[in-house]
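Trainee:
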Amino acid sequence: MADLPKERLDGSHAFEVTGIDFCGPFFYKSEARSKPPVKCYVCVFICFATKAIHLELIKDLPTVSFLHGLKRFICTRRRPRQIWSDNATNFVGARNELLELRRLFLSSDHQRPTMDFCLAKAIDWCFIPPRSPHFGGLWEAAVNIAKHNFYRAVGTAVLAFEELRILVCHISAVVNSRPLVSISENPADLDVLTPAHFLNGGPPSSFVEPDVTSLNFNRLDGWQRVAKMQQIFWSRWKEEYLTLLQQRSKWTTANHVSSTSAQFRIACGPASQSTG
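Just so you know, my numbering puts 213 at position 218 of the sequence shown, and the rest follows in order with no gaps.
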C-alpha cells in the first residue's frame, strides 16, 4: 500500500487543504403548489487533515450557485489554501442525473469564473488524474457516509428547502461527531477525539428534543418532521456505524488453561529451602 499524500500529513488548520464533491440529486417542494418537486444537490467539503466535513445545499448547478456555496463555506469555515476535486471525466460513468455535473465541469463558462475566483482568493485548485476516482477516496467515503444514511432517513418524503437545509446541517454535525480512533476501554476516559474537536474545541452540542419517531409522519408539522428525520438519522448512525468501532470478537479456540485444574506451589520462609 502506498504512503498517504503529503497533504494528509502536513500539520495545518482545519479545511486548509480541502476535497470537494457533489452528491444527489435531492428534491424539495416548489413554492408553487402546481409545480413538481425541484432538484437540488449537496456540495461536500472534507478536510484532508482532520476528516471533518462541511455540507452546503445548492439549489441548482449553474456556476453562480456553485460559487455561492463555495463562498458560504469560506465564510463559515476558512479560506482553503488548496482544493482537490475529481476530474471531469470521472463523471462519465455516473448515473443520468449526474451528467449535469459533468457538463458543468467541462464547460469553459464554469471553469473560467471558478479559476478566476480561486486566483483572487489565492486558492490552488487541483484535479486528480483522469479516470482515477480511487485518488479521491477520501471525499468519496464522506459522500457515501452522508448520502447512505440521508436516503434512509428521508425516504420518499419531500421537504421544503429550509427544512432540507436544516437536516443537512444536522447530518454534518452528526458525521463530525464520529470518533477518529478506537474508543478507549478506560471507564474514566469519557471523551473521544472527533473532527468536531478541531472545529469547535469540543464535541458538538445540541438541545434536547422530544422523541417523535413513533408518531405518524402525516401528523407532524414542519419542525417535527425534520426532528423525526434527525432522530432516525442518528439512530441508524449509532447502530450501523458506531458499533463497528468497538467490535466484540468471539473466541474460536478452546482455552486450554483452566483455573480449576491448575496447580499452584507457594513457597515462603525457611521451610521452603532444600534440606539436603
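Ideal Cβ positions, reconstructed from N, Cα and C, are used throughout, including at glycine.
Taking just the CA atoms, how far does P20 sit from R90?
Mentor: For R90, the pLDDT reaches just 42, beneath the cut-off of 50, and the residue's location in the model is therefore unreliable, although a value from the coordinates is still provided. Near 10 Å, if we compare the C-alpha coordinates of P20 and R90.
Trainee: Is the beta carbon of K24 sitting closer than 8 Å to the one on L154?
Mentor: Against a cut-off of 8 Å, the Cβ pair of L154 and K24 comes out as a contact.
Trainee: According to the Cβ coordinates, are S80 and G14 closer than 8 Å?
Mentor: A contact, by the Cβ cut-off of 8 Å.
Trainee: Given that a residue counts as buried once 16 or more other Cβ atoms are within 10 Å of its Cβ, and exposed if not, what is G64?
Mentor: With 16 or more other Cβ atoms within 10 Å, it is buried.
Trainee: Taking the beta strand (DSSP E) that T13 belongs to, which residues open and close that run?
Mentor: That run of the beta strand (DSSP E) goes V12 to Y23.
Trainee: Per DSSP, what kind of secondary structure is L210 in: helix, strand or coil?
Mentor: Note: L210 maps to coil in three-state DSSP.
Trainee: Please go through the same chain and pick out, in chain order, the residues whose beta-carbon is closer than 8 Å to the beta-carbon of A27, but skip the five residues on each side of it.
Mentor: For A27, where only same-chain residues beyond five positions count, there are no Cβ hits under 8 Å.
Trainee: Determine whether the beta carbon atoms of R73 and F10 lie at a separation below 8 Å.
Mentor: Cβ atoms of R73 and F10: closer than 8 Å.
Trainee: Measuring only the C-alpha atoms, how far is Q226 from H165?
Mentor: Cα-Cα distance, rounded: 10 Å.
Trainee: From the DSSP output, in three-state form, read off L194 for me.
Mentor: Note: L194 maps to helix in three-state DSSP.
Trainee: Buried or exposed for K66, going by 16 or more other Cβ atoms inside 10 Å?
Mentor: Exposed.
Trainee: Tell me the rounded alpha-carbon separation between T58 and D104.
Mentor: Going from the Cα of T58 to the Cα of D104 covers about 8 Å.
Trainee: Can the beta-carbon of L50 be found closer than 8 Å to that of T109?
Mentor: No. Outside cutoff.
Trainee: So the alpha helix (DSSP H) V59 belongs to, where does it begin and stop?
Mentor: Start and end: T58 to T71.
Trainee: Between which two residues does the alpha helix (DSSP H) harbouring I161 extend?
Mentor: From DSSP, the alpha helix (DSSP H) with I161 extends over F156 to V170.
Trainee: By alpha-carbon positions, which one of V176, Q77, M224 and F156 ends up nearest to C121?
Mentor: If we check each option's Cα against that of C121, Q77 comes out closest.
Trainee: Once DSSP output is grouped into helix, strand and coil, what is the label at K30?
Mentor: Three-state result, K30: coil.
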